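*Asks:* Residue numbers (the working numbering): 311 to 615.
#1: The alpha helix (DSSP H) spanning residue 517 covers which residue range?
#2: Would you verify that the beta carbon of residue 440 is, or is not, closer than 9 Å to some beta carbon of chain B?
#3: Hey, quick one: how far does the beta strand (DSSP E) through residue 579 stretch, first residue to last?
#4: Could you give the residue range of the beta strand (DSSP E) that holds residue 564?
#5: Leaving out five residues before and five after residue 470 in sequence, what residues of the same chain have Cβ atoms less than 6 Å from its Cβ?
#6: Helix, strand or coil: which one does DSSP assign to residue 321?
#7: So, using beta-carbon positions, are residue 550 and residue 527 closer together than 9 Å?
#8: Among residues of its own chain, excluding the 5 on either side of residue 565, which ones have a beta-carbon nearer than 6 Å to its beta-carbon?
#9: Within the chosen definition, does the segment 523–539 reach the segment 417–430 through at least 3 CB pairs nearer than 8 Å?
#10: Classify residue 452 as helix, strand or coil using the three-state DSSP reduction.
#11: Using the rule of at least 16 other Cβ atoms within 10 Å of the residue's Cβ for burial, across every protein chain shown, is residue 452 buried or exposed?
#12: Based on the DSSP secondary-structure assignment, which residues constitute the bridge partners of residue 584?
#13: Taking the alpha carbon of residue 266 as the reference point, which residue from 501, 408, 541, 524 has its own alpha carbon closest?
#14: From this set, 501, 484, 485, 494, which residue's C-alpha is nearest residue 474's C-alpha?
#15: Give the straight-line distance between the Cα atoms of residue 429 and residue 318, rounded to the nearest whole angstrom.
#16: What first and last residue would you give for the alpha helix (DSSP H) that runs through residue 414?
#17: Report yes if the CB atom of residue 353 is closer than 9 Å to the CB atom of residue 488, and no otherwise.
Below you can see the structure in the form of C-alpha cells.
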C-alpha cells in the first residue's frame with residue numbers, strides 16, 4: 311500500500327515547485343484576474359481617447375478608431391492627467407500607459423534630471439514601467455557616484471530587491487572579489503543596472519520594459535560621467551553598446567560609449583552570475599579585469615564635480 315501524502319506534504323511540494331519556477335515573493339493575499347485587468351486597461355485607454363467622426367473611406371457601421379496620440383515634445387503633461395510633481399510622471403493608480411508612450415515620457419523625465427539624486431527621485435515617482443508594481447523597491451545604485459569606474463548589469467535579483475542595492479547577493483560577493491583583485495572596492499566604483507526594478511521570478515526583462523528604463527540608465531551614466539564603463543553580461547552590453555554579438559564574442563573588446571557630452575571607453579565582460587554557473591569563464595574575466603586596471607592607470611582622470 312502506497313503511503314498517502316498529508317496536507318502538509320502537499321503544501322511543501324507545492325511551495326518547492328513554485329521556488330524552482332522562480333516564484334519566491336507573495337504579491338498579494340488573493341488571486342488576481344489579469345484578463346479582467348487588461349480589459350479594464352483597454353477600456354480606460356479608449357475612454358481617454360477623444361471621440362470623433364470615422365475617418366474618410368471607412369465602411370458604414372465600422373467601429374471608429376481613436377486617433378494615435380502624438381507624444382508632446384514639451385516636458386509638461388496634458389492637463390487631463392492632473393497636476394504632477396515633475397515632468398512626465400504619471401499619477402499613482404492611473405491606468406498603465408502603452409509601452410511606446412511610456413518610453414517617450416521616460417526620455418522626457420530622464421532628460422529633465424539635473425543630478426543623480428533628482429534622477430533617483432524621478433524614478434521613485436515614475437509609474438510608466440509595470441515592473442515597479444511587482445518589485446519590492448527601487449534598486450538605483452551603489453558605490454561612489456564620483457568614481458572613475460562604473461559597472462552596469464541587467465536587472466536586480468531577489469537579494470537586491472530586498473536590500474535596495476545592486477549586486478549584494480552571491481554574484482555581488484563575487485563582483486566584490488573581482489574588483490578587490492585589481493585594488494578596487496565599492497567606494498571606488500559606481501554600480502547600477504539597466505533596469506532598476508526586479509522582474510518577477512528573476513525573469514529576463516521584456517524589450518518593452520528595457521526600452522522604458524533605457525533613458526534613465528543613459529542619463530545616470532551621463533551624470534556619473536565615469537572614465538570607464540563596464541557592461542556586466544550580454545544584455546547590458548547589447549542594450550548600452552548596441553552590439554549584436556553574444557557576450558563570449560563581445561567581451562574583452564574596448565568600444566566607445568557616447569554620453570552626448572563625451573565619449574567613454576567601454577568594455578563588456580561576463581556577469582558574475584554567469585561565472586558562478588560557469589567557473590571556466592573566470593580566466594577570461596580575469597583578463598578583462600587586468601585590462602580595466604591597465605586602462606585606469608593610463609587614462610587621465612577627468613574631474614567629476
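We treat Cβ as the ideally placed atom computed from N, Cα and C, and that holds for glycine. Owing to the predicted nature of the structure, the values given are computational and were not obtained by experimental measurement.
*Replies:* According to the data block:
#1: 517–534
#2: In the structure shown, chain B does not exist; there is a single protein chain.
#3: 573–579
#4: Counting along the chain, the beta strand (DSSP E) containing residue 564 begins and ends at 564–568.
#5: Closer than 6 Å at the Cβ level, and outside the excluded window around residue 470, lie 449, 476, 478.
#6: helix
#7: yes
#8: 551, 576
#9: Verdict: yes, contact present.
#10: strand
#11: buried
#12: Residue 584 is not bridged to any residue.
#13: Within the shown structure, residues of the chain are numbered from 311 to 615, placing residue 266 beyond reach of any answer.
#14: 501
#15: Here the alpha carbons of residue 318 and residue 429 stand approximately 47 Å from one another.
#16: First-last of the alpha helix (DSSP H) with residue 414: 409–421.
#17: No, the pair does not count as a contact, with Cβ atoms beyond the cut-off.
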